[in-house]
Amino acid sequence: MDKVLVTGGAGYIGSHACKALKAAGFIPVTFDSLVTGWRDAVKFGPFEEGDLQDRARLDEVFEKHQPIAVMHFAALSQVGESMVEPGLYWRHNVGGSLALIEAAVAADCKQFIFSSTCATYGDQDNVVLDESSPQYPINAYGASKRAIEDILRDFEAANDLKHVIFRYFNVAGADPEGEVGEFHQPETHLIPLMLDAIAGKRAALTVFGDDYDTPDGTCIRDYVHVCDLVDAHVLGLKWLQANKGSRVFNLGTGSGFSVREVLDHSRAVTNHVVPHEIGARRPGDCTKLVSGSFRAMEELGWKPKRSTLDKMISDAWRWHQNGHYSN
Ligand code: UDP
1122 MDKVLVTGGA
1132 GYIGSHACKA
1142 LKAAGFIPVT
1152 FDSLVTGWRD
1162 AVKFGPFEEG
1172 DLQDRARLDE
1182 VFEKHQPIAV
1192 MHFAALSQVG
1202 ESMVEPGLYW
1212 RHNVGGSLAL
1222 IEAAVAADCK
1232 QFIFSSTCAT
1242 YGDQDNVVLD
1252 ESSPQYPINA
1262 YGASKRAIED
1272 ILRDFEAAND
1282 LKHVIFRYFN
1292 VAGADPEGEV
1302 GEFHQPETHL
1312 IPLMLDAIAG
1322 KRAALTVFGD
1332 DYDTPDGTCI
1342 RDYVHVCDLV
1352 DAHVLGLKWL
1362 QANKGSRVFN
1372 LGTGSGFSVR
1382 EVLDHSRAVT
1392 NHVVPHEIGA
1402 RRPGDCTKLV
1412 SGSFRAMEEL
1422 GWKPKRSTLD
1432 KMISDAWRWH
1442 QNGHYSN
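The C-terminal residue of the sequence shown carries number 1448 in this note's numbering, and the numbering is unbroken.
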């Protein structure tokens, strides 16, 4: 069976990707530093602990496992933190990715799938965000991801590194079978924080601003179920294996929900009111990020099956009540 190197395989999206890869007949080899990931989340293949900036360690892992492809999830991903500590984001995300790309090319592993983000587009109100939209990130997180996209293009030109870039919108939900789920420490994402507030693990959720130029004043995002998202990655791998060339795909559903709408759905799904208060805007937040493209559906044959707010919140809620990790 072919192996795929999954960086960040001990994290939220990476662990779901490992499960999907195993189901598709691959062996996922997790490479993770465990700085934000969890040993407990590595359930579907071998584990190699290491830091992306450690090139010698990367070379060792490529040599040992001979993966046919890389899925690169490992990254720091908090918009707010990136505004306060940009150096962390440039060093870890860009420096680590560059070492990984160089190690992959040196090992002749030339199929590369990269987790990018809609945060690379920045704040472009009333613009349909398709894959050719200009990228003007307004936070260091988005800027670091855009830089990695540029690096991949240069390595394709120089070394024929074929890549698929997925620009994620907002990922939510959990494995419906409950084997893996979302567990960040500290948690910064809307849906798990909301569930924490319902469960009494925090006093209240702070809504970051209700004076945005949206119908109810709160920010709008396009939420995708994590299992749908990782399905697209398996299709991306098959795309590369079929020699279809490098390509960028947005992964969003085209439906936007405001923070208030997410709060209302949560009450309906969990039968609990979410304790919340209105706070200040969070620096770096865009008003509205909704995908205006269905390229992944048209070209990869991607069919999001679980990306309704109800399904995402109910799967997250089930996991939230039983699941957690430790190292
Ligand atoms: N949000 C919020 N309170 C929180 C966390 C998030 O109001 O405690 C809002 C945030 O401003 C954004 C949306 O929820 O509009 C989604 O934020 P999240 O951090 O989950 O994802 P991001 O959009 O930053 O990738």
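All C-beta atoms in this analysis are idealised placements derived from N, C-alpha and C, irrespective of residue type, glycine included.
Review point. Beta-carbon separation of A1196 and G1129 under 8 angstroms?
Key: yes
**Study point:** Cβ shell of V1369 (< 6 angstroms), same chain only, five flanking positions each side left out
**Key:** E1252 and I1286
Point to revise | Cβ contact check for the region 1298-1309 and the region 1360-1377: 3 or more pairs under 8 angstroms | key: no
Review point. Any residues whose CB sits closer than 6 angstroms to a heavy atom of the ligand UDP? List them in chain order?
Key: V1200, N1291, T1309, H1310, L1311, L1314, L1326, T1327, V1328, F1329, C1340, R1342, V1380, R1403 and D1406
Practice item. Classify V1328 as helix, strand or coil using the three-state DSSP reduction. Key: strand
Exercise for review: Would you mind stating whether H1284 and S1412 have Cβ atoms separated by less than 8 angstroms?
Suggested key: no
Review point. Among V1328, F1329 and L1314, which has the Cα closest to the Cα of K1322?
Key: L1314
Check your understanding: Would the beta-carbon of V1200 fall within 8 angstroms of that of G1338?
Key -> no
Point to revise | Where Y1289 falls, given that 16 or more other Cβ within 10 Å makes a residue buried | key: buried
Practice item. Return the bridge partner residues of S1412 from the DSSP annotation. Key: L1250
Exercise for review: Please work out which residues of its chain come closer than 6 angstroms, Cβ to Cβ, to I1341, disregarding the five sequence neighbours upstream and downstream, and give them in chain order.
Suggested key: T1335, G1377, S1379 and K1409
Point to revise | Whole-angstrom distance between A1318 and E1181, CA atom to CA atom | key: 44 angstroms
Exercise for review: Figure out for me which residue from S1435, L1209 and L1358 has the closest Cα to the Cα of M1192.
Suggested key: L1358
Check your understanding: So what's Y1344 in DSSP terms, helix, strand or just coil?
Key -> strand
Point to revise | As assigned by DSSP and simplified to three states, the class of M1122 | key: coil
Review point. Within this structure, are the beta carbons of D1431 and V1390 separated by less than 8 angstroms?
Key: yes
Review point. Mind checking I1222: buried by the 16 CB within 10 Å criterion, or exposed?
Key: buried
Exercise for review: Classify I1259 as helix, strand or coil using the three-state DSSP reduction.
Suggested key: coil
Review point. Under the three-state reduction of DSSP, which class applies to V1200: helix, strand or coil?
Key: helix
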